[in-house]
Structure formats: C-alpha cells, structure tokens
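Below is one structure, written out as structure tokens; comments come after it.
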Amino acid sequence: MNTTYKCCYAISPNLKGVMCMDIRTPKIDYVTISGRVYVYNEDYQRLVYLAYRFRKAVVKATRMLTKGLSKEYVTKVITEDLNQGYAKSVVDIAKLLIKSAEYHGSNPLKIKVKKLFIVSKGEAFIKGNQNIRLVSSDKLLISYHLNGRHGRHDDWIECEARFGEEYIPLVNEVIDRAMNNELSYNAKILFRNGKIYLHLSVPLELYIKYFKKGEAKGGNIACFDLNSDRINMVIIDRQGIIKETKTEWYSEVNRPKYPKNKAWPLRLQALGRLLKYAYYHNVSTVLYEDLDRIKRRRVKKTKNRSGNRKASNFPKKKLLQYAITMALKYNFKVYLVNPSYTSRLAEKLKNAFCLDKHTVSAYLLGLRYLNPETYKKLLDRDTQKLLLNQ
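Counting from 62, one number per residue, gives the positions in the sequence shown under the numbering used here.
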C-alpha cells in the first residue's frame, strides 16, 4: 500500500542540538550470522551434556542475581560447574534474561529456559574465542573443559560446520584475523527442532564490507513504526513535509497456529522492501524507536487470546537490531528516537493528519528528530485541541 500525503505540515528545520537526550546513534559492533553444526556418536552426547549444564547454570545465575548477589560472586559460584570462560557468558546471559523479564513485567525469579544452548564470549588474544573456536569454514572446536574436576584444557569436541556459500569469504577472513589475535567473535550453539545451529557474531565493518547494498545520498528521512502485524514508514523532507507513506502488512503471523519459523522471514522481507523503497526515493536518514527508553512494553488486547499472546511475544527489540543492520547496508544514517507519548499523541492527531495511528506515530519520530521543541508543543493539551479542530 503506497499513498502520497498532500495535507502537508511544515516544520522549521532547526537541526542545532538535534543530538539531544531524545535522539542517539545506535551502537552496534557485531552482526550475527548463522550456520549448521554436525556432530556424531560420543561427541554428540558430550555436547548435549555440556549444553544441559550450561542451561542449568544460566537458570541458577538468574536466581542469584535477582536476589541481589554480585556479578563477581555469581561468576565464582558458576565456575564450580563450568570453566571461567563459560561462567562469564552464563552471567551475561542471565543479566539479559532478567532485563527482558522486567521489560515484559514478568518475575525474574520464575525465569525458565527450555532450549539447550551454549554461549562463549569472544577473546581476541585467544584466537578469537576461548571455548567455541572456528579453525576453518567447515571445522568447529568446542571446549569440553568444564572445570578443574571435569575435562582437560586440551579436551575439544570436534564438529563439522556449514555456512551458506555467500558467507564463506566473510567467515574465512574472520578466522584468519582471529587466529592472528586481531579480532574476537562471540559464538552460540543452539539446539532447535532436532538440529544444531551456530550463531556467530562478526564485526560490523567486516559484515558491511561483504554485504553492502548501496551509498545513500538523498536528503529525505524515513521514519519507521515496527509492529507485530505491520511496519509503517513515512518519508519526509528536511522541512518535515510528508512526501510518502507506505505500510507493509503481515497480519497473518498473529493468527492461531501460524508457524513461528515462517513469521520471522515475513517480517524481515517486509522490512527489506521498505528500506529498498526508501533508498530509491532519496532517503539518506532512517529513524527507529529507541526501545531502551520504554520501561515496560504495553500491548493492546483483543478478543483473540492466541493473537494477544503472539503480539505480546513479538520480539520487537530483535527486529530493531535487524532493522538497524539492514539500514546500514545502504549506508543510511541511523538514529534512535525516544518514542515516549508518540502512540498516545498519534491517537489524538490521526484524524487531523488523515492517517492511521501507526503512520502518525512514525511521523512524530521525524518531528521529534527535526525539531524537538515543536514536538513538545504538540504535547500541550491546548495545542492538541487546536489541531484536532482544524
């Protein structure tokens, strides 16, 4: 759906001080790529056992951290079950799970981890990674040294790794530089649906080197509103005049029994189409919501319980991370804008703008970016009434 909005609202292009507290540049140092892992016989059993111990340690760490115990003490306790490299990763994962639970209004003491997985933080001075190490694009070593009582320092589980053909040159450069202690990479082993996957975090600059899509040089701004069933985009110029609006729908993903593994590709494809459209319509700057400024996520309830559950479980932060990386492929300038009150304000202004609430929310991000003072005036009740009566 592509519509051009002609009832234009102009904004004074006051760009001084735009990088204020409400606007920031996202910090992304690494991008995750995925491959398959194959391991057989006794090594498979050892890998499953290691993943079981790791998962158990993560749950244990969430309980301890939630009760106020220090990160250093928790790490020390976990080293009784796993080596120090694994223990540090366990504590970091536990902290993320606690933060996610609090964001969704859940009790961190009741965190459960269903899937088996193993994570190892990168170490530049230990050939890129201490515990999960690629030695070639098709060979992976996973340390089975658990602690002083279990396993040896030189005890490795040897696995076969497979990446998509397009990733091989990137993976080879990562390995070469890691073996020379020039860079590090985080690695995650994930068991899912009877298969084993490797998630590899590679430096952003290397990823862009191999997957760059263009050099954005236009003057327009694309503002996005990411939702569980759609993505809304508004393209504005530097005066804040709306040039175009575009919405990509994928509402079927919230239907009962819709496969989760099919929902995610639909969202990424929709996002990719919008970014490509923006690139060819003179956009050089992309704005997304700064989700870290939202203390707790709110989801509008409907009569469909399954739809409510899927909407509430929608991984918006994960989609945002992908959205940022996809925008950087086009060399867009990417900023995160504080979305506070945009939904509430959009509900009141949608009739004045002749647009739906989500599109207005996206536009308000652009308004807040171009001229924060004008945005603040809109928050005034009298100003809202004036606009609604026009």
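Don't be surprised by glycine CBs; every beta carbon is placed ideally from N, CA and C.
In the three-state DSSP reduction, Leu130 falls in the coil class, being neither helix nor strand. Within the same chain, Ile94 come within 6 Å of Tyr228 by CB-CB distance, once the 5 residues on both sides are set aside. The way I'd put it, the region 269–277 does touch the region 386–400; three or more beta-carbon pairs between them come closer than 8 Å. Minimum Cα-Cα distance from Tyr349 among the listed residues Lys337, Lys378, Ala331 corresponds to Lys378. Take Leu397, set aside five residues on each side of it, and the residues of its chain with a beta-carbon closer than 6 Å to its own are Arg85, Pro87, Tyr349, Asp351, in chain order.
The region 105–123 makes contact with the region 176–183: 3 or more CB pairs, one atom from each, lie closer than 8 Å. Straight across, the Cα-Cα distance linking Val120 with Ala388 is about 35 Å.
For the pair of segments examined, the region 232–248 was found not to touch the region 161–177: the number of CB pairs separated by less than 8 Å stays below three. Under DSSP, Pro317 shares a beta bridge with no residue.
Under the three-state reduction of DSSP output, Glu221 falls in the strand class.
As for any beta strand (DSSP E) of minimum length 3 sitting wholly inside the region 382–424, the runs are 394–398, ordered along the chain. The C-alpha of Ile187 is placed about 15 Å away from the C-alpha of Trp217. DSSP places Glu305 inside the beta strand (DSSP E), whose first and last residues are 303–310. Annotated three-state conformation of Tyr91 is strand, per DSSP. For Ile269, the enclosing alpha helix (DSSP H) stretches over residues 265–272.
Measuring C-alpha to C-alpha distances from Arg299 to each of Asn343, Cys415, Leu202 identifies Asn343 as the nearest. Taking the CA atoms as reference points, Ala222 sits about 11 Å from His260. DSSP places Arg238 in the uninterrupted alpha helix (DSSP H) bounded by 229–240. Distances from the CA of Pro264 to each of Tyr205, Tyr101, Glu243 were compared; the closest alpha carbon is that of Glu243. Leu327 and Tyr311 have their C-alpha atoms roughly 7 Å apart. Closest option to Arg107, judged by alpha-carbon separation, among Ile303, Leu207, Lys137: Leu207. Unbroken alpha helix (DSSP H) runs of no fewer than 4 residues, entirely contained in the region 113–163, are found at 132–139, following chain order.
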